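Step one of this worksheet: look at the structure below.
Residue numbers (full-length UniProt numbering): 1 to 377.
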């Protein structure tokens with residue numbers, strides 16, 4: 001090797017070291033993995049919610065179909081039937097929706113006309129209300145002031161259930177699903193003749209043929225809720241203002257219902273009741289004895305006024321243990337908004353007007369009794 005070669009070899013450049021490549025940071029990888037998983041879960045959740053929402057939506061509109069709900073049919077069976085008839089898309093999801101909304105237990109038996117494309121809420125409301133095809137219904141009127149026994153007898157006479165079964169159910173210590181007012185009844189309603197007396201609203205109803213006694217009672221209880229909801233917004237505050245409970249208010253309303261015929265006098269008679277309670281004076285209302293006796297006697301005897309009963313307001317102080325009838329909304333309103341005055345007594349006129357003479361003192365009351373007798377002559 002010559003000299004030049006040695007110099008060339010000696011001048012050969014050194015190898016340049018390549019910079020080391022940095023490894024990706026662990027946290028960045030973890031972030032993307034977690035983000036991907038969360039995104040995937042979100043996509044699945046949104047897709048699932050959309051599917052459920054879609055399955056609960058209306059079906060394609062179509063011609064009305066006839067759907068028959070039989071007595072004792074479960075909510076699941078009803079759901080399957082509705083899917084078969086094209087009213088809902090998915091009976092499984094609809095069934096869970098019923099559970100979530102606490103619905104399905106109050107569906108009434110009967111033949112319904114339902115239309116594909118109906119909203120699920122509309123379908124449920126129709127089944128709850130017993131809005132069946134007209135030929136399968138019975139119009140039924142419960143007069144204002146009727147007792148549970150009178151309601152039961154009238155229902156049985158119209159072919160709507162068994163009297164004794166209805167009366168027994170009305171006295172059961174139980175929860176009525178979907179009814180609210182009855183929940184305010186005292187847990188220990190001691191000495192009441194019937195637990196639901198005063199809570200079954202008197203009105204004209206359209207019932208499905210084949211309706212059960214339990215369904216009948218629940219319908220009347222719910223109607224009471226609806227009617228109370230129509231009162232002025234401050235009606236609950238009125239209970240506190242008057243110092244009474246819901247149960248006591250319905251009791252007073254039932255006394256008014258049985259004592260008053262002319263609407264204009266309801267609030268005035270209510271005022272008398274509150275005045276006597278405030279004195280305190282015994283109410284001495286004949287209708288309470290008639291309720292205890294179980295008969296509407298035109299004239300009470302002295303022996304009747306001595307009847308040993310918690311409902312006999314000639315012998316007990318304060319209110320009877322519960323309502324003596326099922327009052328109208330007018331009587332409920334009078335019990336909540338009594339007329340303010342100083343009257344403590346009233347007597348029915350004998351002139352056929354069904355109105356009363358009111359008095360502030362017992363002496364005036366005696367004079368009114370004589371005046372009442374004279375009007376009958």
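All C-beta atoms in this analysis are idealised placements derived from N, C-alpha and C, irrespective of residue type, glycine included. This structure is a prediction, so every number in the text was calculated from the model and none was measured.
Contact with chain B by residue 152, beta-carbon distance below 7 angstroms: Annotation note: the requested chain B is absent from the structure, which comprises a single protein chain.
Which residues DSSP lists as bridging residue 139, in chain order: In the DSSP output, where bridge partners are listed per residue, residue 139 has 206.
Buried or exposed by the 16-neighbour rule on C-beta atoms within 10 Å, applied to residue 157: Residue burial is scored here from C-beta neighbours: residue 157 has fewer than 16 other C-beta atoms within 10 angstroms and is therefore classed as exposed.
Per-residue burial, residue 249 [other beta carbons within 10 Å of its own, 16 or more giving buried]: Classification of residue 249: buried, given that the 10 Å Cβ count is 16 or more.
Identity of the residue in 70, 82, 43 and 69 nearest residue 56 by Cα: Looking only at 70, 82, 43 and 69, the smallest Cα-Cα distance to residue 56 is reached by 82.
Validate contact between the stretch 333-346 and the stretch 215-228 using beta carbons, cut 8 angstroms, 3 pairs: No, they do not touch.
Spatial neighbours of residue 4 in its chain, beta-carbon cut-off 6 angstroms, leaving aside the 5 residues before and after: Residue confidence for residue 4 is low, a pLDDT of 47 falling below 50, so the modelled location carries little weight and cannot support an answer.
Extent of the continuous alpha helix (DSSP H) run through residue 378: Shown here, the chain extends from 1 to 377; a query on residue 378 therefore has no answer.
Cutoff 7 angstroms; reference residue 320; Cβ partners in own chain excluding five residues on either side: Non-local beta-carbon contacts of residue 320 in its own chain, meaning distances under 7 angstroms to residues more than five positions away in sequence, involve 251, 288, 310, 311 and 313 in chain order.
Same chain, Cβ closer than 6 angstroms to residue 348, neighbours up to 5 away in sequence not counted: The beta carbon of residue 348 is closer than 6 angstroms to those of 356 in its chain, skipping five residues each way along the sequence.
Sequence-distant residues of the same chain with beta carbon closer than 8 angstroms to residue 61, five excluded per side: The beta carbon of residue 61 sits closer than 8 angstroms to the beta carbons of 115, 116 and 117 from its chain, once the five residues preceding and following it are set aside; these are given in chain order.
CB contact flag (residue 208, residue 130, <7 angstroms): For the 7 angstroms CB-CB criterion, residue 208 and residue 130 form a contact.
Residue of 34, 256 and 211 minimising C-alpha distance to residue 328: Closest option to residue 328, Cα to Cα, is 256.
For residue 358, three-class secondary structure by DSSP: Strand.
Nearest to residue 317 (by Cα), restricted to the options 331, 358, 273 and 351: Selected option, being the one with the closest Cα: 273.
Own chain partners of residue 238 with C-beta closer than 6 angstroms, once the 5 adjacent residues on each side are dropped: Leaving aside the five residues that flank residue 238 on each side, the residues in its chain whose CB is nearer than 6 angstroms to its CB run, in chain order, 336.
Beta-ladder partner(s) of residue 112, from DSSP: Answer is 67.
Inter-stretch contact at 8 angstroms, needing at least 3 Cβ pairs: the stretch 65-85 / the stretch 94-112: Verdict: yes, contact present.
Bridge partner(s) assigned by DSSP for residue 347: Beta-bridge pairing links residue 347 to 357.
Cβ neighbours of residue 65 in the same chain (closer than 8 angstroms, five flanking residues each side left out): Answer for residue 65: 85, 86, 87, 113, 114, 115 and 116, listed in chain order.
Cβ shell of residue 184 (< 6 angstroms), same chain only, five flanking positions each side left out: Excluding positions up to five away in sequence, the list reads 246.
First through last residue of the alpha helix (DSSP H) which encompasses residue 215: 213-229 is the extent of the alpha helix (DSSP H) around residue 215.
Identity of the residue in 94, 281, 190 and 149 nearest residue 389 by Cα: In the structure as shown, the chain begins at 1 and stops at 377. Residue 389 is therefore absent and cannot be evaluated.
Distance, residue 350 Cα to residue 376 Cα: Taking the Cα positions, residue 376 is about 5 angstroms away from residue 350.
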